[in-house]
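Line by line, the protein sequences are chains Y and V. Per my numbering, the first sequence runs over residues 1426 to 1623. Per my numbering, the second sequence runs over residues 1426 to 1623.
There are 2 protein chains.
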Amino acid sequence: MTTPTRVPQEERSRAMRARLLEATVECLVEVGFGRTSTTLISERAGVSRGAQLHHFPTKNALVVAAVEHLTEVRGVELAAAAAAVPAAHRTRDVLRMLGDHFASPVFTAALELWVAARTDPALLEAVEPLEQKVGRETHRMTVDLLGADESRPGVRELVQATLDLVRGLGLAATISDDSRRRNRILDQWARTLDGALP
Amino acid sequence: MTTPTRVPQEERSRAMRARLLEATVECLVEVGFGRTSTTLISERAGVSRGAQLHHFPTKNALVVAAVEHLTEVRGVELAAAAAAVPAAHRTRDVLRMLGDHFASPVFTAALELWVAARTDPALLEAVEPLEQKVGRETHRMTVDLLGADESRPGVRELVQATLDLVRGLGLAATISDDSRRRNRILDQWARTLDGALP
DNA sequence: CCACAAACAGACAGGTTTGACTGTTTGTTT
DNA sequence: AAACAAACAGTCAAACCTGTCTGTTTGTGG
Chain Y
1426 MTTPTRVPQE ERSRAMRARL LEATVECLVE VGFGRTSTTL ISERAGVSRG AQLHHFPTKN
1486 ALVVAAVEHL TEVRGVELAA AAAAVPAAHR TRDVLRMLGD HFASPVFTAA LELWVAARTD
1546 PALLEAVEPL EQKVGRETHR MTVDLLGADE SRPGVRELVQ ATLDLVRGLG LAATISDDSR
1606 RRNRILDQWA RTLDGALP
Chain V
1426 MTTPTRVPQE ERSRAMRARL LEATVECLVE VGFGRTSTTL ISERAGVSRG AQLHHFPTKN
1486 ALVVAAVEHL TEVRGVELAA AAAAVPAAHR TRDVLRMLGD HFASPVFTAA LELWVAARTD
1546 PALLEAVEPL EQKVGRETHR MTVDLLGADE SRPGVRELVQ ATLDLVRGLG LAATISDDSR
1606 RRNRILDQWA RTLDGALP
């Protein structure tokens, strides 16, 4: 008796793909790349194996698409976080924001892909350019937020160091998330940076 | 007619285990944790599957032993590198030494285990304490090499930041090893550190 | 020299994973 | 409405991985 709600193919397809990509990222975070099987993903997404194979013929196709999706999400989250940084205590708060992002699940998922890609040429091909893109964008954003003058010698390197630092902190956070330690370090880094930059 | 060279059991056993552990680490570096199978390890080590299972009944036993072995190696390599740092340009050379270590294959292997351990309780139990130990030792060594005075406020955090920075640089190096970029960043950080520390 | 235990070798079963394949439903187009 | 294509469902074979098991060799203690 239910009216067979008509749903256009394109939308169905898009929803299905989105669910699969979301599930893939969730699996990466929760069980890691190694144990993330296509079966697990389809179960988690509530999608039949047939449908999954229809949209993503191989596991690699699915994972690569997930990489792209994740890059999108990371960009959006970063931009949102950047917009929320207040004007006062600029440096400190910018660093804390970066530290938080690089300790979040999206970064964890990216890390899993990053490490997996190291020994998987097909995956590397997808991961490397996107990661570079995110890296460049993050760098530009950070320079912007800090109001740093990159024409001065050493400034560019300090910003890069800052980003590599939060990456290192993010890595440490995946095993033992000690946000107090992280913030202490970042606060001190902020003071040092303020002394060295302008 | 060859004299059947008599080799005591203990030595044979030790050599066999060493070969297996070496092969395990090599596999971690070359194919990653995910694709590292017990079969692959035994092939690579030139050890029969039976012998392998005799010395390490389960895969986990083997990997855990490899973690311990790797920790040993990391400690030795770090100590050796530390001893080789010259007296002049202290800070710069110490940082470059750390940067090199965290971009070396031993770190790559440790990274694979680190990431895998995040979602593998049994592995985490073995990795976490050893990693903390290495972390503490590295910290102490760095403080020593830099002649830093940790009683001053902020100094401890700066040393921690330095170590997290090289960790982040090491992570970046696993995909695109750009040692020039790394050294530029570290050199600048050395200058900043020299200005901030004493 | 003999009995015993450790070290070693290789086959085998149970379980997973992947992607191919066949068949069914649903939307679109004419 | 009919023909067609896309979306979806579920089964299956091949490959692989792990750990058990049986059998053989080699060193060691009596």
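Here a beta-carbon is modelled for each residue, glycine too, at the ideal position from N, C-alpha and C.
Taking 8 Å as the limit between beta carbons, can you name the residues of its chain near residue i, skipping five residues before and five after?
i	result
Arg1605 (chain V)	none
Val1584 (chain Y)	His1564, Thr1567, Val1568, Leu1571, Ala1573, Glu1575
Val1580 (chain V)	Ala1573, Asp1574, Leu1622
Val1540 (chain Y)	Phe1458
Asp1619 (chain Y)	Thr1516
Met1426 (chain Y)	Its pLDDT being 38, under 50, Met1426 (chain Y) is placed unreliably by the model, and nothing is read from it.
Gln1477 (chain Y)	Leu1445, Thr1463, Ile1466, Ser1467, Ala1470, Leu1487
Arg1474 (chain Y)	Thr1463, Thr1464, Ser1467
Closer than 7 Å by beta-carbon distance: list the chain Y residues that pair up with residue i, in chain order.
i	result
Asp1589 (chain V)	Leu1590, Gly1593, Leu1594, Ala1597, Ile1610
Ala1586 (chain V)	Leu1590, Ile1610, Gln1613, Trp1614
Ala1440 (chain V)	Ordered by position in chain Y, no residue passes the 7 Å Cβ test against Ala1440 (chain V), which lies about 28 Å from the chain.
Gly1471 (chain V)	The premise fails here: Gly1471 (chain V) is roughly 22 Å from chain Y at the closest Cβ pair, so nothing lies under 7 Å.
Would you grab the beta carbon distance between residue i and residue j for me? Rounded to a whole angstrom, and I think it's under 8 Å.
i	j	result
Ala1586 (chain Y)	Leu1590 (chain V)	6 Å
Gly1595 (chain V)	Ala1528 (chain V)	5 Å
Val1472 (chain V)	Leu1445 (chain V)	6 Å
Leu1588 (chain Y)	Val1492 (chain Y)	Incorrect: roughly 20 Å between the Cβ atoms, too far for contact.
Thr1544 (chain Y)	Arg1460 (chain V)	7 Å
His1480 (chain V)	Arg1442 (chain V)	5 Å
Val1439 (chain V)	Glu1582 (chain Y)	It is Arg, not Val, that sits at residue 1439 (chain V) in the sequence shown. Not a contact, Cβ separation roughly 47 Å.
Leu1536 (chain Y)	Thr1599 (chain Y)	6 Å
Thr1617 (chain Y)	Thr1617 (chain V)	6 Å
According to DSSP, is residue i part of a helix, a strand, or is it coil?
i	result
Ser1604 (chain Y)	helix
Gly1572 (chain Y)	coil
Ser1473 (chain V)	coil
Val1510 (chain V)	coil
Asp1545 (chain V)	coil
Thr1617 (chain V)	helix
Thr1587 (chain Y)	helix
Phe1458 (chain Y)	helix
Thr1599 (chain Y)	helix
Thr1464 (chain V)	helix
Thr1483 (chain Y)	coil
Ser1529 (chain V)	coil
Arg1581 (chain V)	helix
Pro1554 (chain V)	helix
Leu1445 (chain V)	helix
Leu1520 (chain Y)	helix
Leu1478 (chain V)	helix
Leu1453 (chain Y)	helix
Leu1622 (chain Y)	coil
Skipping 5 residues on each side, what residues in its chain have a beta carbon closer than 6 Å to that of residue i?
i	result
Glu1553 (chain Y)	none
Ala1542 (chain Y)	Leu1548, Leu1549, Val1552
Ala1615 (chain V)	Thr1516, Arg1517, Leu1520
Leu1538 (chain Y)	Val1492, Val1552
In chain Y, what lies closer than 8 Å to residue i by C-beta?
i	result
Arg1460 (chain V)	Thr1544
Glu1451 (chain V)	Per Cβ cutoff of 8 Å: no residues; Glu1451 (chain V) is ~12 Å from chain Y at best.
Taking Cβ-Cβ distances shorter than 8 Å, what residues in chain V pair up with residue i?
i	result
Ile1600 (chain Y)	Trp1539, Ala1542, Arg1543, Leu1549, Val1552, Glu1553, Glu1556
Gly1457 (chain Y)	Val1540, Ala1541, Arg1543, Thr1544, Asp1545
Ala1621 (chain Y)	Thr1617, Gly1620, Ala1621
Leu1583 (chain Y)	Gln1613, Trp1614, Thr1617
At a CB-CB cut-off below 7 Å, which residues of chain V make contact with residue i?
i	result
Glu1493 (chain Y)	Those do not exist, as Glu1493 (chain Y) stays about 17 Å from chain V at its closest Cβ, beyond 7 Å.
Gly1524 (chain Y)	Ordered by position in chain V, no residue passes the 7 Å Cβ test against Gly1524 (chain Y), which lies about 10 Å from the chain.
For residue i, which residues from the same chain have a beta carbon less than 7 Å from its beta carbon, with the 5 sequence-adjacent residues on both sides left out?
i	result
Val1498 (chain Y)	Val1531
Val1510 (chain V)	Asp1518, Val1519, Met1522, Leu1570
Leu1611 (chain Y)	Leu1520, Arg1521, Gly1524
Gly1500 (chain Y)	Val1559, Glu1562
Anything in chain Y within Cβ reach of residue i, meaning under 9 Å, just list it in chain order.
i	result
Glu1562 (chain V)	What Glu1562 (chain V) touches in chain Y: nothing, since even the nearest Cβ is about 16 Å away.
Gly1475 (chain V)	Result: empty, since nearest Cβ-Cβ is about 26 Å, beyond 9 Å.
Which bits of chain V does residue i rub up against, with CB to CB less than 9 Å?
i	result
Ala1535 (chain Y)	Correct list: empty, because the minimum Cβ distance to chain V is about 11 Å.
### Query
Just checking, does the stretch 1479 to 1499 of chain V make contact with the stretch 1446 to 1466 of chain V on the three C-beta pairs under 8 Å criterion?
yes
### Query
Is there contact between the stretch 1442 to 1456 of chain V and the stretch 1488 to 1496 of chain V, where contact requires at least three CB pairs shorter than 8 Å?
yes
### Message
With three or more beta-carbon pairs closer than 8 Å as the criterion, would you say the stretch 1554 to 1561 of chain V touches the stretch 1517 to 1527 of chain V?
### Response
no
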